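Just so it is clear: in the sequence shown, position 28 is 975 by this note's numbering, and no numbers are missing. All C-beta atoms in this analysis are idealised placements derived from N, C-alpha and C, irrespective of residue type, glycine included. No experiment lies behind these values; they were computed from the predicted model shown. Worksheet: the structure to be examined is printed underneath.
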Amino acid sequence: VYELAFFTDEPCAQPVDGVPFSSGSCDTCICNNSQGIYGTCGAELAFDQNIPSGRQQGTAWISQCGSTQQCVPGQAWLGLNIYKNVPVRCLRLLQLGDTLYMTK
């Protein structure tokens, strides 16, 4: 997942703040973060607003099962811990583009 964002309004202008979490991340993958430093492919990369554009590669979360095989339904998930009660009226999801590994 390149990017996931939640918003409190329908035009997707007011983002919801929180702490990213997931079912896990690929333990054999190395990803580039928004500062250009290589490391894990954790959930925070899906919420850093660093999407691919032109020559910029962007950042991405890779699930614990998504690097070598398709995940079974419910095996991989991504979310945001929100510590206050807020309505979510819009979400934006940008996936990698490989239909074998996209959410259905």
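Distance between beta carbons of Gly971 and Ser1010, contact taken as under 8 Å: 7 Å
Test item: CB-CB of Cys1037 and Phe953 under 9 Å: yes
Range of the contiguous beta strand (DSSP E) that encloses Arg1002: Element bounds for Arg1002: n/a, residue is neither H nor E.
For Ala952, the three-state DSSP class (helix, strand or coil): Of the three classes helix, strand and coil, the one that applies to Ala952 here is strand, per DSSP.
Paired residues, beta bridge with Phe968 - DSSP: Gly1026
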